[in-house]
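In my numbering, the protein residues as written are 42 to 99.
C-beta: ideal position from N, C-alpha, C; glycine also.
All figures in this text were calculated on a predicted structure; none of them were measured in a lab.
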Amino acid sequence: VKEGENIERALKKFKRKYEKTGVVKELRARQQFDKPSVLKRLAMQHAVYVQKLNRVED
């Protein structure tokens, strides 16, 4: 934290950097085993969802 910098802003910056690294997401994913077929299906569902959102924007 720089001198004179707001603590709230520094915390927000830290949280943003921490989320971008994906540590929490990976930790949650490793808590239980998911079969590769399930992971593939979830990835496909997410891709379809994102495509729908992009179509609506256009």
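Considering only the beta carbon of each residue, do Ala51 and Val65 sit closer than 8 Å?
no
In whole angstroms, give me the CA-to-CA distance for Gln73 and Gly45.
One C-alpha to the other measures close to 44 Å.
Three-state class that DSSP yields for Gln73 in the structure shown:
coil
May I have the straight-line CA-CA distance separating Phe55 from Asn47, to the nearest angstrom?
Roughly 13 Å between the two C-alpha positions.
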